[in-house]
């Protein structure tokens, strides 16, 4: 009890030091804890199911086109369990990720909610994915017209009332609620809010064709393999068993992808699942949180050392009355650990306050409760350990003081102690300067990148890829376009064999020729109709008469600005070598230029592009569709899907929403700008709070020296400069060390962008100026107070 009274008295006496330590460390604990929860959350994705390691997604991969799809015909998986003993269970599921529908409670018609995530599944899905019922039963699940709703949906629709036995009207269909299930884990790729039996779809005349033929590639297939099964052997068995099924596997190779690999996999994200991990953002969060913690620990150690040096008179008295060395060490370590525990408590408050904000930022529903008590226990042990480690040097330093030295040189500090303090201070300055500089360079590059226009309009645009080619399918292409234009939601359509937001592969680029300068350029060939440039609002210098030829079979071609600048010889009016021969038309390059456009992210270089009439295209026709404002996009996409399968039931439905694609391309960069700025500011606050505390310590330590200098005629500004000299010298040394490190880090990071800004030296100067001003402001108040002290009072009391 006496020990804690001493600690409380010390905290009161060193109020500024104590709370500088506690707040700095608690802020660091908060962000490190939140980042750790986020990282654990990402690395445990899809691992919360009982047999998650056994669950696989059935996918088809095309190595030549790098395409991968997980949507299949329903009949594909018929008989898998009987044919392949290694498959313990096989379930099929369907979800239209674009669809949102109006949900009403039949007994309370005025309540209507726009909902998504409707999943139609086989009964085995409930067991495979541990669907846990909170109310009701699944006995009637396979009866058409029944539905299971998640706990969150139940709380939203029925508040605290009973849901089982009630009826929901979804769109124009009525469902009986037979159960309420616990929401899927927040670290699961799937998040079904409504689960409906596939038998309900089978009983609907509108969908019966989907279950009979080998077309309608819309169902996801999940396979649970028996323990000890070799996935590669099962894949080979599937290949052998289905080698004759050309309609299923033409140009594709069947594969079983572990569900737990999806979140970090290289494949394209599946719209029906939660977003994949943002590895770049996660890496930067880890790095910045580590920097934040390092600065906080250095600050904690420095201020703890200052507190220890301030206790020299107290320690001398304790030694005189018989205090042992071990007792002094124990007291100092206990006090330091208590500060760590106090920082832990304040950190818990910050965690509870900031968890919702952090979750929204990383677009995850972070929940500490699901991990139990171990995260809090880990943080407590970590905080206690930090307190003990930070107190080791001060405790041994105090315990080794000689009483005679303490009284003879009361205000002095030994050289090792001074070096340790300055070293910790330099480390804080190095991290703070490094983060400020890196933040400025990153924001400069990202602002530059985000300011570059893609060169085309993408708002209210979706792209539907057909399986039809010019030279044989013109009639079907034209007829389907007319059907689309007849839809009231559709405002405009253009045809091409490529489209914006396309991930480019080197194999998409082809050499134009082998002489006369053509060998210097590899072209991306794009077949377009005459409306393509107007549809996407792409600038050109061509006359409308030339552009109109692209709706015919005229032998014309256009080059973009990059292509013209890459070619050594003037190409205007010349035949393209790669398009001249018996089997190829001789396309003539027209006089003019197409403005450069970024087909994908502006981090990638603009390719040299050749535009040719769609009549000479050798790629699949894409329908770029401009839709009206305010429509239900999900309904439109569902209608397009049904129209497509009326034409091509054997082909997959490929569609891209360009607005969604554009936001996805830059979401990581925007988050990085925000989080780097916020956490960088946090590091600076902690560092300069430490400077403030240390300025008080240095001021008190040099009171006698300042008083003597003032008696000898030193002015206020001279004494103010004396007080801050130590900070400025340490800061300059930190700058010298940090600048090469920042240069290397930024140079490595910026290399990923095709279009990049330079690293101007004036940004380092801005960072240095910010550091100097912040340091002067942090230490200025007490330095000025010491400079204005009355020397007679100080010298009289010494």
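In my numbering, the protein residues as written are 3 to 800.
Positions of the beta carbon are idealized from the N, C-alpha and C atoms, including for glycine.
Residue i versus the options, residue with shortest Cα-Cα distance
i, options, result
"residue 1", "764, 655, 755", "Because residue 1 is not part of the residues shown, which for the chain are 3 to 800, the question remains open."
"residue 120", "141, 590, 149", "149"
"residue 43", "366, 776, 334, 257", "366"
"residue 611", "527, 622, 693", "527"
"residue 195", "554, 152, 693, 168", "152"
"residue 178", "163, 186, 193, 198", "198"
"residue 742", "569, 763, 753, 621", "763"
"residue 736", "687, 474, 578, 426", "426"
"residue 353", "36, 678, 107", "36"
"residue 451", "603, 681, 421", "603"
"residue 657", "669, 678, 635", "635"
"residue 341", "25, 218, 265", "25"
"residue 164", "132, 487, 109, 129", "109"
"residue 263", "111, 60, 303, 773", "60"
"residue 548", "578, 591, 539, 563", "591"
"residue 202", "123, 777, 746, 537", "123"
"residue 129", "332, 159, 186", "186"
Straight-line gap, residue i to residue j (C-alpha atoms, nearest Å)
i, j, result
"residue 756", "residue 503", "16 Å"
"residue 383", "residue 286", "25 Å"
"residue 467", "residue 644", "14 Å"
"residue 188", "residue 368", "7 Å"
"residue 38", "residue 360", "12 Å"
"residue 543", "residue 732", "59 Å"
"residue 524", "residue 455", "24 Å"
"residue 559", "residue 565", "12 Å"
"residue 738", "residue 727", "17 Å"
"residue 31", "residue 40", "14 Å"
"residue 230", "residue 665", "42 Å"
"residue 291", "residue 445", "18 Å"
"residue 88", "residue 238", "12 Å"
"residue 200", "residue 117", "19 Å"
"residue 667", "residue 78", "34 Å"
"residue 166", "residue 223", "29 Å"
"residue 2", "residue 557", "Residue 2 cannot be examined here, being either before or after the span of the chain that is shown, 3 to 800."
"residue 694", "residue 53", "55 Å"
"residue 155", "residue 343", "40 Å"
"residue 69", "residue 157", "40 Å"
"residue 193", "residue 681", "31 Å"
"residue 63", "residue 663", "22 Å"
Status (buried if at least 16 other CB within 10 Å, exposed otherwise) for residue i
i, result
"residue 412", "Annotation note: pLDDT 44 at residue 412 (below 50); position unreliable, coordinate value reported separately. Exposed is the call here."
"residue 780", "buried"
"residue 585", "Note that residue 585 scores a pLDDT of 45, beneath 50, so its modelled location is shaky; the value from the coordinates is reported in the next line. Residue 585 should be labelled exposed."
"residue 134", "exposed"
"residue 56", "buried"
"residue 277", "exposed"
"residue 802", "The structure shown has nothing for residue 802, since the chain only spans 3 to 800."
"residue 609", "buried"
"residue 554", "exposed"
"residue 210", "exposed"
"residue 472", "buried"
"residue 589", "buried"
"residue 235", "exposed"
"residue 138", "buried"
Test item: CB-CB of residue i and residue j under 9 Å
i, j, result
"residue 462", "residue 628", "yes"
"residue 339", "residue 393", "yes"
"residue 552", "residue 615", "yes"
"residue 759", "residue 282", "no"
"residue 497", "residue 531", "yes"
"residue 437", "residue 686", "yes"
"residue 92", "residue 191", "no"
"residue 58", "residue 233", "yes"
"residue 1", "residue 533", "The structure shown does not extend to residue 1, since the chain is modelled only from 3 through 800, so no value can be given for it."
"residue 348", "residue 28", "yes"
"residue 350", "residue 768", "no"
"residue 364", "residue 459", "no"
CB contact check: residue i to chain D, cutoff 9 Å
i, result
"residue 447", "Among the chains of the structure shown, chain D does not appear; only one protein chain is present."
Quiz item: Quick check: the segment 665-683 against the segment 470-480, are there 3 or more CB pairs under 8 Å?
Solution: Touching, no, given that fewer than three Cβ pairs across the two stretches are closer than 8 Å.
Quiz item: Is it a yes or a no for the segment 47-63 touching the segment 292-300, going by three-plus beta-carbon pairs under 8 Å?
Solution: No: fewer than three Cβ pairs fall under 8 Å.
Quiz item: How about the segment 539-556 and the segment 591-610: do they share at least three Cβ pairs that are nearer than 8 Å?
Solution: Yes, since at least three Cβ pairs between the segment 539-556 and the segment 591-610 fall closer than 8 Å, the two stretches touch.
Exercise. Please confirm if the segment 264-284 is in contact with the segment 87-107, defined as three or more CB-CB distances below 8 Å between the two stretches.
Key: As far as the Cβ criterion goes, the segment 264-284 touches the segment 87-107, which means the pair count is three or higher.
Quiz item: Are the segment 424-436 and the segment 617-626 in contact at 8 Å, needing three or more beta carbon pairs?
Solution: A contact between stretches requires three or more CB pairs, one per stretch, nearer than 8 Å, and the segment 424-436 fails this requirement with the segment 617-626.
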